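What follows is a set of notes on a single structure, which appears directly below.
Number of protein chains: 2
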Amino acid sequence: MTVTIYDVAREAGVSMATVSRVVNNNPNVKPQTRKKVYEAIERLGYRPNAVARGLASKKTTTVGVVIPDIANANFAEVARGIEDIANMYHYNIILCNADKRKEKEIRVINTLLEKQVDGLLFMGGVVTDEHIQAFNTSNVPIVLCATTDEKGTMPSVDIDHETAAYDAVRKLIAEGHARIAMISGTLQDPANGFARYQGYKRALEESGIAFDESLVRVGNYRYESGIEAVQYFLELAERPTAVFAATDEMAIGAIHGIQDAGLSVPGDISVIGVDNIRLASMVRPLLTTVAQPMYDIGAVSMRLLTKLMKKENVEQARVTLHHELIVRNSVAPRG
Amino acid sequence: MTVTIYDVAREAGVSMATVSRVVNNNPNVKPQTRKKVYEAIERLGYRPNAVARGLASKKTTTVGVVIPDIANANFAEVARGIEDIANMYHYNIILCNADKRKEKEIRVINTLLEKQVDGLLFMGGVVTDEHIQAFNTSNVPIVLCATTDEKGTMPSVDIDHETAAYDAVRKLIAEGHARIAMISGTLQDPANGFARYQGYKRALEESGIAFDESLVRVGNYRYESGIEAVQYFLELAERPTAVFAATDEMAIGAIHGIQDAGLSVPGDISVIGVDNIRLASMVRPLLTTVAQPMYDIGAVSMRLLTKLMKKENVEQARVTLHHELIVRNSVAPRG
DNA sequence: CTGTTAGCGCCTTCAT
DNA sequence: ATGAAGGCGCTAACAG
Numbered sequence: 001m002t003v004t005i006y007d008v009a010r011e012a013g014v015s016m017a018t019v020s021r022v023v024n025n026n027p028n029v030k031p032q033t034r035k036k037v038y039e040a041i042e043r044l045g046y047r048p049n050a051v052a053r054g055l056a057s058k059k060t061t062t063v064g065v066v067i068p069d070i071a072n073a074n075f076a077e078v079a080r081g082i083e084d085i086a087n088m089y090h091y092n093i094i095l096c097n098a099d100k101r102k103e104k105e106i107r108v109i110n111t112l113l114e115k116q117v118d119g120l121l122f123m124g125g126v127v128t129d130e131h132i133q134a135f136n137t138s139n140v141p142i143v144l145c146a147t148t149d150e151k152g153t154m155p156s157v158d159i160d161h162e163t164a165a166y167d168a169v170r171k172l173i174a175e176g177h178a179r180i181a182m183i184s185g186t187l188q189d190p191a192n193g194f195a196r197y198q199g200y201k202r203a204l205e206e207s208g209i210a211f212d213e214s215l216v217r218v219g220n221y222r223y224e225s226g227i228e229a230v231q232y233f234l235e236l237a238e239r240p241t242a243v244f245a246a247t248d249e250m251a252i253g254a255i256h257g258i259q260d261a262g263l264s265v266p267g268d269i270s271v272i273g274v275d276n277i278r279l280a281s282m283v284r285p286l287l288t289t290v291a292q293p294m295y296d297i298g299a300v301s302m303r304l305l306t307k308l309m310k311k312e313n314v315e316q317a318r319v320t321l322h323h324e325l326i327v328r329n330s331v332a333p334r335g
Numbered sequence: 001m002t003v004t005i006y007d008v009a010r011e012a013g014v015s016m017a018t019v020s021r022v023v024n025n026n027p028n029v030k031p032q033t034r035k036k037v038y039e040a041i042e043r044l045g046y047r048p049n050a051v052a053r054g055l056a057s058k059k060t061t062t063v064g065v066v067i068p069d070i071a072n073a074n075f076a077e078v079a080r081g082i083e084d085i086a087n088m089y090h091y092n093i094i095l096c097n098a099d100k101r102k103e104k105e106i107r108v109i110n111t112l113l114e115k116q117v118d119g120l121l122f123m124g125g126v127v128t129d130e131h132i133q134a135f136n137t138s139n140v141p142i143v144l145c146a147t148t149d150e151k152g153t154m155p156s157v158d159i160d161h162e163t164a165a166y167d168a169v170r171k172l173i174a175e176g177h178a179r180i181a182m183i184s185g186t187l188q189d190p191a192n193g194f195a196r197y198q199g200y201k202r203a204l205e206e207s208g209i210a211f212d213e214s215l216v217r218v219g220n221y222r223y224e225s226g227i228e229a230v231q232y233f234l235e236l237a238e239r240p241t242a243v244f245a246a247t248d249e250m251a252i253g254a255i256h257g258i259q260d261a262g263l264s265v266p267g268d269i270s271v272i273g274v275d276n277i278r279l280a281s282m283v284r285p286l287l288t289t290v291a292q293p294m295y296d297i298g299a300v301s302m303r304l305l306t307k308l309m310k311k312e313n314v315e316q317a318r319v320t321l322h323h324e325l326i327v328r329n330s331v332a333p334r335g
């Protein structure tokens, strides 16, 4: 039925060790024998069994990726970065959605480990002690991707969310705005949520602008919640002149919510986001935002993981990628 | 170092066969022994090695997915459908991007097969004889996802692209439009490209509208190419009153291109797309489009694959999912 | 440069 | 209900 290395050996008139050598590009094979073996392989249509290989060599050349939701554009972009680099280093990727739900995250970490992945890339919500504990049941390298753990003990690749938010709000302030609303993510989320909220507060504070709780709405990162938040702001006795949204999707919702109310962006109200999703340049006005290099986060974390897997020594296991203010058309000086 | 089934057996004072049985939920184990084994597993922190399991049982409980580009929202949505159902049936997914490039597709098909996946889901560009040939080197079940092969010999799940396009154009005609432009995908692409182009022509033909080559522009599915196409149409001596775009992304580009030229959608020109991506309801005006059930295509094809893998007999191995016209605000009666 | 020989960790008859 | 034993297909020393 299935042709094995043994069949090839017989067909080529050599031992299976030799076949193994040529398949693995071991230089210690006479060119002539190598040729014979290749021919036998061709003739028989032999295909190496990666599972058997994995068992014998204790390496599977596959890495596990736990991701909140592949259908989310941001994470999909990260995933693409991961896969490109993985591919480059001849690794394959096992992808598991975990929806930022702890139990599910822990569960997939375990099944990934059962599958004997050579490494693990983790994107998720909060990284709790339970996560760390799950990680520690194995000794394959693991890197956090687009997150960090509180303790800072694990290798990770992320941006500085607090400063990204800070920079966005500073931009608004630089344009003369003082009454600046924020559409936040859930404060339980350390990165997209809490850190960005902190950045907002810090920017205000540094400029001597009093923090006003009524100017903050917590959204769920989605477009619709941007619309809702802005509807609320528009009812306020004293409207904000600018809105900072923790994510572009909410920012775009905000833009449309404002426009739907008959006001203009940035004429009446300026809007700024964070992320720089593709969509940001697919709306009118084009969204001013702080770019987060999603693809690179994936690529860099995968690259870091390859080093860890090869036991190369890495100088810096916690890397922070740069964010960048992208000025487009949704922010204007205060009227 | 690593604890094996053998260690557990010793610890529990049973044979490894028994441990194997409890791990695999074989009912032929006395409850009491089962308990002993579980305790030993717990105490030792035993984790079954899926690779060894795979070698011995010839089943890996993982399926391969070749996808054009996970960062593309449509495919990401399909992938999510796949993963959800896979998860439900306790399969894991190995994800490979192949960018619709034949050589890369063939290559990943082979590595996936080497990894002994229990089944394969293929999304790609054209399915050539070479693909079929690659598929035939193995006897794991394979289903085409969001594509079909010309010959119609393989299991597949897709929508009827020709009719979807036809329905879109019929809508435009029903609103009184006769001068209808099309922004097409590449005609080499059987599904999103050629079939949709055919649907456009059929709709015109049936209504006795002469086909006018100058009203067709070939784009690359992207937003920017929608803008470019529409710029071209706007230069025409006799402008179209409606635009049919083969994908929503190009349709949205068209909307913005028209708006940027100072015209109104749908006031001056109506626009309709196909796909119903999330973005379609995140623009102004909201995009009228023909919905393609991406998530379901993924889910159904994975479900079909599970049946094939379990050798259940399937009545219908080629399934066509329904598309649906979603009327929103980008189409108006001809002025 | 090539062959022999042990496993890798588990499943799976076949006995008992 | 449980144990013994033979692979699954391949890699990795170790000889020669």
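As you go down the protein sequences, you meet chains A and B in turn. With the first letter of the first sequence counted as 1, position 116 gets the number 116 in full-length UniProt numbering; the numbers rise by one all the way through. With the first letter of the second sequence counted as 1, position 122 gets the number 122 in full-length UniProt numbering; the numbers rise by one all the way through. For each residue, glycine too, the CB sits at the ideal point set by N, CA and C. No experiment lies behind these values; they were computed from the predicted model shown.
(message) Quick check: the Cα distance between residue 232 of chain B and residue 243 of chain B, rounded to an integer number of angstroms?
(response) Rounded to whole angstroms, the separation of the alpha carbons of residue 243 of chain B and residue 232 of chain B is 12 Å.
(message) Using only the alpha-carbon positions, how far apart do residue 69 of chain A and residue 89 of chain A sit?
(response) Distance from the CA of residue 69 of chain A to the CA of residue 89 of chain A, rounded to the nearest whole angstrom, comes to 25 Å.
(request) Can you grab the Cα-Cα spacing for the pair residue 50 of chain A / residue 301 of chain B, in whole Å? (result) Rounded to the nearest angstrom, the two C-alpha atoms are 26 Å apart.
(request) Answer yes or no: does any C-beta atom of chain B fall closer than 8 Å to that of residue 241 of chain A? (result) no
(request) Go through the stretch 25 to 105 of chain A residue by residue and report every complete run of the alpha helix (DSSP H) that reaches 4 residues or more, in order. (result) 31 to 44, 50 to 57 and 73 to 88
(request) Go through the stretch 100 to 137 of chain B residue by residue and report every complete run of the alpha helix (DSSP H) that reaches 4 residues or more, in order. (result) 102 to 114 and 129 to 136
(request) Go through its chain and collect everything with a Cβ distance to residue 314 of chain A's Cβ below 8 Å, but skip five positions before and after it. (result) Excluding the 5 residues flanking it on each side, residue 314 of chain A has same chain C-beta neighbours closer than 8 Å at 155, 304, 307 and 308, in chain order.
(message) Beta carbons nearer than 8 Å to chain B: which residues of the stretch 87 to 111 of chain A have them?
(response) 87, 92, 93, 94, 95, 96, 97, 110 and 111
(request) Spatial neighbours of residue 127 of chain A within its chain, please: CB distance less than 7 Å, with the 5 preceding and 5 following residues excluded, ordered by chain position. (result) 144, 147 and 149
(message) Just list the residues that DSSP pairs residue 13 of chain B with in beta bridges.
(response) Answer is none; residue 13 of chain B lacks a bridge partner.
(request) Count the other CB atoms, across all protein chains shown, that sit within 10 Å of the CB of residue 225 of chain A; report buried if there are 16 or more and exposed otherwise. (result) buried
(message) Just to confirm, is the Cβ distance from residue 236 of chain B to residue 180 of chain B under 8 Å?
(response) no
(request) Pull up the distance between the alpha-carbon of residue 212 of chain B and that of residue 249 of chain A, whole angstroms please. (result) 39 Å
(message) Starting from residue 252 of chain A, trace the alpha helix (DSSP H) in both directions and tell me its first and last residue.
(response) 248 to 260
(message) Tell me the residue span of the beta strand (DSSP E) that contains residue 140 of chain B.
(response) No beta strand (DSSP E) holds residue 140 of chain B; DSSP gives it neither H nor E.
(request) Specify, as a first and last residue, the run of the beta strand (DSSP E) that residue 235 of chain A falls within. (result) Unbroken run through residue 235 of chain A is the alpha helix (DSSP H), 223 to 235; no beta strand (DSSP E).
(message) Going by C-alpha to C-alpha distance, which of A:67, A:57, A:141 and A:83 sits closest to residue 311 of chain A?
(response) A:141
(request) Using alpha carbons as the reference points, say which of B:268, B:76, B:170 and B:45 lies closest to residue 415 of chain A. (result) What the structure shows of chain A is the stretch from 1 to 335, and residue 415 of chain A is not part of that stretch, so it cannot be assessed.
(message) Beta carbons nearer than 7 Å to chain B: which residues of the stretch 221 to 250 of chain A have them?
(response) 223
(request) Give the straight-line distance between the Cα atoms of residue 195 of chain B and residue 86 of chain A, rounded to the nearest whole angstrom. (result) 35 Å
(message) So residue 39 of chain A contacts chain B; which residues on that side make the cut at Cβ distance below 7 Å?
(response) Correct list: empty, because the minimum Cβ distance to chain B is about 18 Å.
(message) Please list the terminal residues of the continuous alpha helix (DSSP H) segment that includes residue 205 of chain A.
(response) 196 to 206
(request) Name, in chain order, the residues that DSSP records as bridge partners for residue 159 of chain A. (result) A:321
(request) Tell whether a beta-carbon distance below 8 Å holds between residue 118 of chain B and residue 35 of chain B. (result) No, the Cβ-Cβ distance between residue 118 of chain B and residue 35 of chain B is not below 8 Å.
(message) For a contact defined as C-beta to C-beta under 9 Å, what are the partners of residue 48 of chain B on chain A?
(response) 114
(message) List, in chain order, every chain A residue whose beta-carbon is nearer than 7 Å to that of residue 79 of chain B.
(response) 70
(request) Give the straight-line distance between the Cα atoms of residue 373 of chain A and residue 245 of chain A, rounded to the nearest whole angstrom. (result) An answer regarding residue 373 of chain A cannot be provided, because it is not within the stretch 1 to 335 covered by chain A.
(message) Assuming residue 217 of chain B is part of the beta strand (DSSP E), what are its boundary residues?
(response) 216 to 218
(request) Report the residue from B:202, B:270, B:110 and B:111 whose alpha carbon sits nearest the alpha carbon of residue 176 of chain B. (result) Distance from the Cα of residue 176 of chain B is smallest, within the candidate group B:202, B:270, B:110 and B:111, for B:270.
(request) Would you grab the beta carbon distance between residue 203 of chain B and residue 229 of chain B for me? Rounded to a whole angstrom, and I think it's under 8 Å. (result) That pair is no contact at about 19 Å.
(message) For a test of the three-state rule: what should DSSP assign to residue 309 of chain B, helix, strand or coil?
(response) Here residue 309 of chain B sits in helix by DSSP.
(message) Just list the residues that DSSP pairs residue 244 of chain B with in beta bridges.
(response) B:182 and B:272
(request) May I ask you to list, following chain order, the residues of the stretch 258 to 276 of chain A that have a beta carbon less than 7 Å from some beta carbon of chain B? (result) 259
(request) Pull up the distance between the alpha-carbon of residue 61 of chain B and that of residue 92 of chain B, whole angstroms please. (result) 6 Å
(request) Can you say whether residue 238 of chain B is buried or exposed, counting buried as having 16 or more other CB atoms within 10 angstroms of its CB? (result) exposed
(request) Sort B:279, B:74, B:274 and B:55 by Cα distance to residue 256 of chain A and report the nearest one. (result) B:279
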